[in-house]
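Let me begin by presenting the structure, written as structure tokens, before commenting on it.
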Amino acid sequence: MDEMRPTTGTVPTMTTDRPEIEIRGLHKSFGDNHVLRGIDLDIARGEVVCVIGPSGSGKSTLLRCVNLLEEPERGQVFVGGTEVTDLDVDIDAVRRRIGMVFQQFNLFPHVSVTANLTLPQRRVLGTDKARAAAVARENLERVGLSDKADAFPAQLSGGQQQRVAIARALSMGPEVMLFDEPTSALDPELVGEVLSVMRVLAGEGMTMMVVTHEMTFAREVADRVVFMDGGVIVEQGPASQVITRPQHERTRNFLNRILDPAATPPPAGHEGPGSGKTAGGGRGA
Ligand SMILES: Nc1ncnc2c1ncn2[C@@H]1O[C@H](COP(=O)(O)OP(=O)(O)OP(=O)(O)O)[C@@H](O)[C@H]1O
Ligand SMILES: [Mg+2]
Numbered sequence: 001m002d003e004m005r006p007t008t009g010t011v012p013t014m015t016t017d018r019p020e021i022e023i024r025g026l027h028k029s030f031g032d033n034h035v036l037r038g039i040d041l042d043i044a045r046g047e048v049v050c051v052i053g054p055s056g057s058g059k060s061t062l063l064r065c066v067n068l069l070e071e072p073e074r075g076q077v078f079v080g081g082t083e084v085t086d087l088d089v090d091i092d093a094v095r096r097r098i099g100m101v102f103q104q105f106n107l108f109p110h111v112s113v114t115a116n117l118t119l120p121q122r123r124v125l126g127t128d129k130a131r132a133a134a135v136a137r138e139n140l141e142r143v144g145l146s147d148k149a150d151a152f153p154a155q156l157s158g159g160q161q162q163r164v165a166i167a168r169a170l171s172m173g174p175e176v177m178l179f180d181e182p183t184s185a186l187d188p189e190l191v192g193e194v195l196s197v198m199r200v201l202a203g204e205g206m207t208m209m210v211v212t213h214e215m216t217f218a219r220e221v222a223d224r225v226v227f228m229d230g231g232v233i234v235e236q237g238p239a240s241q242v243i244t245r246p247q248h249e250r251t252r253n254f255l256n257r258i259l260d261p262a263a264t265p266p267p268a269g270h271e272g273p274g275s276g277k278t279a280g281g282g283r284g285a
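What follows is the structure, given as structure tokens:
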């Protein structure tokens, strides 16, 4: 039984009693499109929060505001007690503390797996060659890909490429990991291996914010599930509550749709046979 603790710098040395991530009154618009409409969210150190919600509800925008890939126009974000929305903040220093994994793996195609893990360490952190290689080895082992160290990304399956992307993020020694639908681009049979790696990370105490449609993962791994719709948090709580006994109609409709896609109600205006509000009778799972 490998009840391992991380050997790399995932355990923050700084101790504060503040949440690891604090989001206060966050607003973001793209032109006239008011995408985030006042988000308040705290994530404690070591907590795993899954963010769910319909397409366009602002999930990715929220994640991207946490590491300033998007600049919010109002509100504050703190990571590890540092205000990242402060105009004077050293944004590169902040980003080093935040690992991000996207739906598309974004690996460098022309270099080996190992180089994918060592180059960012050397360029961004200034790590020396030997140390960067050692960290790369450690993290490839963590994601179960030690045997692919010399392969090129194109020689790997999608699931393996995503595990490399996770190892690359971990090699930077982040305090926090953000995942934006990390399994959505994968064939169904490859989803499990990526979720397993994320499950281990969660067990090691990594602070994680995960946008996902994988309800089984959310149920089993998340400490908290946040349901977003229309740029606001509609409800949040333990997975057992939000997924199994949602309080809000919008949450129920969303869950009905993703747990049983065939039950998606017809578009507005279409006359369904029963004229029931939703096809919510039989939720698949
Ligand atoms: N860079 C951008 N420029 C303009 N509009 C954007 C940009 N990024 C997102 N949007 C808009 O913001 C809204 C929210 O998008 P976002 O990607 O955050 O949603 P999402 O909840 O992640 O959806 P999905 O589940 O489809 O990934 C959408 O209307 C989208 O078109
Ligand atoms: Mg998205």
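Going by the UniProt record's numbering, the residue at position 240 of the sequence shown is 240; the numbering climbs one at a time, nothing skipped.
Don't be surprised by glycine CBs; every beta carbon is placed ideally from N, CA and C.
Can you find the residues in the same chain that come closer than 7 Å, C-beta to C-beta, to residue i, ignoring five residues on each side of it along the sequence?
| i | result |
| --- | --- |
| residue 251 | 227, 234, 235 and 242 |
| residue 7 | Model confidence at residue 7 stands at a pLDDT of 43, short of 50, so the residue's coordinates are unreliable; what they give is reported in the following sentence. Closer than 7 Å at Cβ, skipping near neighbours: 138. |
| residue 107 | 116, 153, 161, 164 and 165 |
Comparing the CB of residue i with every heavy atom of ligand 2, is any distance shorter than 7 Å?
| i | result |
| --- | --- |
| residue 214 | no |
| residue 129 | no |
| residue 70 | no |
| residue 187 | no |
| residue 229 | no |
Taking DSSP's pairing of strands, which residues face residue i in a bridge?
| i | result |
| --- | --- |
| residue 22 | 42 and 78 |
| residue 34 | 29 |
| residue 50 | 210 and 225 |
What does a CB cutoff of less than 8 Å around residue i pick up in its chain, not counting 5 residues either side in sequence?
| i | result |
| --- | --- |
| residue 90 | none |
| residue 146 | 137 and 140 |
| residue 42 | 19, 21, 22 and 23 |
| residue 17 | none |
| residue 271 | Note on residue 271: pLDDT 44, under 50, position unreliable in the model; no value is reported. |
Hey, quick one: how far does the alpha helix (DSSP H) through residue i stretch, first residue to last?
| i | result |
| --- | --- |
| residue 204 | That residue, residue 204, is in no alpha helix (DSSP H); it is neither H nor E in DSSP. |
| residue 255 | 249 to 259 |
| residue 178 | Residue 178 -> not in any alpha helix (DSSP H); beta strand (DSSP E) instead, spanning 176 to 180. |
| residue 154 | Premise fails: residue 154 is in no alpha helix (DSSP H) and is neither H nor E. |
| residue 245 | First-last for residue 245: undefined, no H or E at that position. |
| residue 60 | 59 to 66 |
Confirm the yes/no value for this check: CB of residue i, any heavy atom of ligand 1, distance under 7 Å.
| i | result |
| --- | --- |
| residue 67 | no |
| residue 35 | yes |
| residue 61 | yes |
| residue 293 | Because the chain spans 1 through 285 in this model, residue 293 falls outside it and cannot be assessed. |
Starting from the C-beta of residue i, find all residues in its chain whose C-beta is less than 6 Å away, skip the five residues before and the five after it, and write them out in chain order.
| i | result |
| --- | --- |
| residue 179 | 101 and 210 |
| residue 75 | 24, 25, 26 and 27 |
| residue 60 | 180 |
| residue 193 | 159 |
| residue 232 | 37 |
Which residues mark the beginning and the end of the beta strand (DSSP E) in which residue i is found?
| i | result |
| --- | --- |
| residue 224 | 224 to 229 |
| residue 235 | 232 to 237 |
| residue 215 | Counting along the chain, residue 215 falls outside any beta strand (DSSP E), though it belongs to the alpha helix (DSSP H) covering 215 to 221. |
Practice problem: Jot down the residue ranges of each uninterrupted alpha helix (DSSP H) in the segment 83 to 149, minimum 4 residues, whole runs only, in chain order. | Solution: 91 to 96, 113 to 120 and 129 to 142
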